[in-house]
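K.L.:
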Amino acid sequence: MQNYKAILEEIYTDGLNATDKGTVASYIPELAHIDKNNFGIHLKTLDGIEYGAGNFNTPFSIQSISKVLALSKAMALIGESVWKRVDVEPSGHPFNQLALLELENGIPRNPLINSGAIVIADILLSHLKNPKEDFLNYVRELTSDTNINYNLEVAKSEKNTGYKNFAAANLLKSFNNLVNSVDDVLDFYFHQCSIEMTCSQLSNAFFFLANKGYCLTNTAHLTKTQAKRINAIMLTCGFYDEAGEFAFEVGLPGKSGVGGGIVALLPNHFVITTWSPGLNKKGNSKLGMLALEQFTTKTKLSIF
Ligand code: DON
């Protein structure tokens, strides 16, 4: 039996003492003022063990982590048709890179880079009756928690400065890979990214991906095969041009966001979430990556 509590506390203390905590994202102005000394870790196992250390109950901007939940909703709605509009290959490029999209005729490499997530947002917009309300309710349902909301200031802040996302959406539109208007799709996308959750809420929300599609209340949200597909995409694409490094160091499917969160999971075993807002050069949480590497090294639990 692993002493998860001792391991998490050790990793937390090491993280607090780290001298280089990375740089907080400032390209979304509303995120720039977050204190980079925040640090939280939360673990939830499928057999009911739960531990948290540090700021694991403080809400933060989930940003790109939302792309996994949006993809999951899109797969639940239209199944394999998703793959007619977005590929499943790692991009090897930053999350907001545009060049590949043009070269590859408007088919994004995968649903976790920005262009791919914008296509998924378009699918949700076409298939949900009240897109923003329905998506938020979906996230709340997965988490078994109604205390989850959009941060309207963050959504507005990104809308005012999201030039590359507007460029991506226009490029998609020019290749006929966007059904709804650029403005409507991006309005939804910026709201989706602005959702605030805590580490423990994120561990709960991602529980279904570690549990063959079944959420905390044992409701099936995806088939076992769909859950497998999403985990595969997280492993190969969840960290953009650092996906190889994350697989190499940590060895788990996971997803990061520029708010400094990372969720990672071992199918059939656990979900672990970290939050530290300082990012490395590739836009992934510096301490979060270190903490997760320590966790899989100390516990010897990874998919490999
Ligand atoms: O579209 C963007 O740039 C942000 N809303 C999300 C980017 C993000 O989180 C990248 N992840 N590390």
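Numbered according to this note's numbering, the sequence shown spans residues 1460 to 1763.
Beta carbons are placed, not taken as given, at the ideal position from N, Cα and C, and that holds for glycine.
As the structure is a computational prediction, the values presented were derived from the model and not from experiment.
What are the boundary residues of the beta strand (DSSP E) that includes residue 1723?
P.N.:
By one-based count along the sequence shown, residue 1723 stands at place 264. Segment 1720-1725, the beta strand (DSSP E) holding residue 1723.
K.L.:
Do you know how far the Cα of residue 1529 is from the Cα of residue 1606?
P.N.:
Translated into the one-based positions of the sequence shown, residue 1606 becomes position 147. Translated into the one-based positions of the sequence shown, residue 1529 becomes position 70. Cα to Cα, residue 1606 sits roughly 19 angstroms from residue 1529.
K.L.:
If you draw a straight line from the C-alpha of residue 1555 to the C-alpha of residue 1742, how long is it?
P.N.:
For the purposes of this step, residue 1555 is identified with residue 96 of the sequence shown, where counting begins at 1. For the purposes of this step, residue 1742 is identified with residue 283 of the sequence shown, where counting begins at 1. Approximately 11 angstroms between the Cα atoms of the pair.
K.L.:
Going straight from the alpha carbon of residue 1645 to that of residue 1580, what length do you get?
P.N.:
For this step, residue 1645 is matched to residue 186 along the sequence shown. For this step, residue 1580 is matched to residue 121 along the sequence shown. Cα-Cα distance, rounded: 8 angstroms.
K.L.:
Could you name the residues of the same chain whose beta carbon sits closer than 6 angstroms to that of residue 1589, not counting the 5 residues immediately before and after it, in chain order?
P.N.:
On the sequence shown, position 130 is the one that residue 1589 refers to. Same-chain partners within the cutoff: there are none.
K.L.:
Taking residue 1687 as part of the alpha helix (DSSP H), name the residues at either end of that continuous run.
P.N.:
Stepping through the sequence shown from its first residue, residue 1687 is reached at position 228. Where residue 1687 is concerned, the enclosing alpha helix (DSSP H) stretches over 1683-1696.
K.L.:
For residue 1464, which residues of its own chain have a beta-carbon under 7 angstroms away from its beta-carbon, when the five flanking residues on both sides are left out?
P.N.:
Walking along the sequence shown from the start, residue 1464 turns up at place 5. Around residue 1464: 1510.
K.L.:
Anything with a beta carbon under 6 angstroms from a heavy atom of the ligand DON counts; list them all in chain order.
P.N.:
1522, 1523, 1554, 1555, 1573, 1617, 1624, 1652, 1715, 1716, 1717, 1742, 1743
K.L.:
Does the region 1567-1585 come close enough to the region 1523-1537 to have 3 or more Cβ pairs within less than 8 angstroms?
P.N.:
yes
K.L.:
Evaluate the contact criterion for the region 1745-1758 versus the region 1705-1712: three or more CB pairs, one atom per stretch, below 8 angstroms.
P.N.:
yes
K.L.:
Can you tell me whether DSSP reads residue 1552 as helix, strand or coil?
P.N.:
Numbered from 1 along the sequence shown, position 93 holds the residue referred to as residue 1552. Looking at residue 1552 - three-state DSSP - the assignment turns out to be coil, as it is neither helix nor strand.
K.L.:
Taking its Cβ as the centre, do 16 or more other Cβ atoms sit within 10 Å of residue 1622, making it buried, or is it exposed?
P.N.:
In the sequence shown, counting from the first residue as 1, residue 1622 sits at position 163. It is exposed - the Cβ of residue 1622 has fewer than 16 other Cβ atoms within 10 Å.
K.L.:
Among 1635, 1612, 1628, whose alpha-carbon lies nearest the alpha-carbon of residue 1643?
P.N.:
For this step, residue 1643 is matched to residue 184 along the sequence shown. Minimum Cα distance to residue 1643 is reached at 1628.
K.L.:
Verify whether the separation of the beta carbon atoms of residue 1730 and residue 1503 is less than 7 angstroms.
P.N.:
As a position in the sequence shown, residue 1730 is number 271, starting the count at 1. As a position in the sequence shown, residue 1503 is number 44, starting the count at 1. Going by C-beta atoms, residue 1730 is nearer than 7 angstroms to residue 1503.
K.L.:
Based on the DSSP secondary-structure assignment, which residues constitute the bridge partners of residue 1738?
P.N.:
Locating residue 1738 in the sequence shown gives position 279, counting from the first residue. According to DSSP, which records beta bridges pairwise, residue 1738 is partnered with 1482, 1744.
K.L.:
I'd like the ranges of any alpha helix (DSSP H) spanning at least 4 consecutive residues and lying wholly in the region 1476-1533.
P.N.:
none
K.L.:
Compute the Euclidean distance between the alpha carbons of residue 1594 and residue 1480, then round it to the nearest angstrom.
P.N.:
Against the sequence shown, residue 1594 aligns to sequence position 135. Against the sequence shown, residue 1480 aligns to sequence position 21. Their backbone Cα atoms lie some 33 angstroms apart in a straight line.
K.L.:
Taking the Cβ atom as the reference point for each residue, do residue 1505 and residue 1670 lie within a distance shorter than 7 angstroms?
P.N.:
The residue you call residue 1505 lines up with position 46 of the sequence shown. The residue you call residue 1670 lines up with position 211 of the sequence shown. Yes, they are a contact pair.
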